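Engineer:
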Amino acid sequence: MTNPSTALNDWQALHSLSLAMLKLAHSGQWDELIAHEISYVQLVERISQNSIPSAHAAQIEQARYLLEMVLKNEKELKELLAIRMDELRNLIDQTTKQQSITSAYGKLSGNILYPESLTRDNQL
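First residue of the sequence shown: 0, per numbering that gives the first Met the number 0; consecutive thereafter.
#1: Rounded to whole angstroms, what is the Cα-Cα separation between Ser50 and Tyr39?
#2: Looking at the secondary structure, which residues open and close the alpha helix (DSSP H) in which Pro52 lies?
#3: Is the stretch 78 to 91 in contact with the stretch 49 to 64, if contact means three or more CB pairs nearer than 8 Å?
#4: Do you know whose CA, among Ala6, Met68 and Ser15, lies nearest Gln48's CA?
#5: Can you name, in chain order, every residue of its own chain whose Cβ lies under 6 Å from the Cβ of Leu23, other than the five neighbours on each side?
#6: Short of 6 Å in beta carbon distance, which residues of its chain neighbour Leu65, apart from the five on each side in sequence? Order them along the chain.
#7: Which residues in the same chain have their Cβ closer than 6 Å to the Cβ of Met0, if we skip the five residues on either side of it in sequence?
#8: Return helix, strand or coil for Gln28, following the three-state DSSP convention.
#9: When you compare the CB positions of Met20 and Leu87, do they come within less than 8 Å of one another, or not?
#10: According to DSSP, is Asn8 part of a helix, a strand, or is it coil?
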């Protein structure tokens, strides 16, 4: 049987971790955020395996409140991640366009184009 205070401590730790992850997202520390994700998933798994016994209504109510806060943080985190994904998508698009331009102009490098050569080529 799970100790109610241990299970509640896990819920409190999950809430704290969700706040820390949200803070990292707001400050743009994406690598650190990803490092925290492993701990977050492990903690969620532990919570799912160690529920609070139904005889402890007060702890269940506290856990419910913490769950609501965690879900709120997750929603905000997902919104921030979506914004970040759009930023990365735009950077990839810009890089792809730049590579295309560089490739196109690179094929012309070393060639000197003179106006009369263009007209002569067009007459052929």
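By construction, the Cβ of each residue, glycine as well, lies at the ideal position given by its N, Cα and C atoms. Everything numeric in this text was worked out from a predicted model, so none of it was measured.
Structural biologist: If we stick to the structure as given:
#1: 17 Å
#2: Here Pro52 belongs to no alpha helix (DSSP H), and DSSP marks it neither H nor E.
#3: Cβ pair count under 8 Å is below three, so no.
#4: Ala6
#5: Glu31 and Leu32
#6: For Leu65, where only same-chain residues beyond five positions count, the Cβ hits under 6 Å are Trp10 and His14.
#7: Any reading at Met0 needs caution, since the residue's pLDDT is 49, under 50, leaving its predicted position unreliable; the model's value is listed next. For Met0, where only same-chain residues beyond five positions count, there are no Cβ hits under 6 Å.
#8: coil
#9: Using a Cβ distance threshold of 8 Å, Met20 and Leu87 do not count as a contacting pair.
#10: helix
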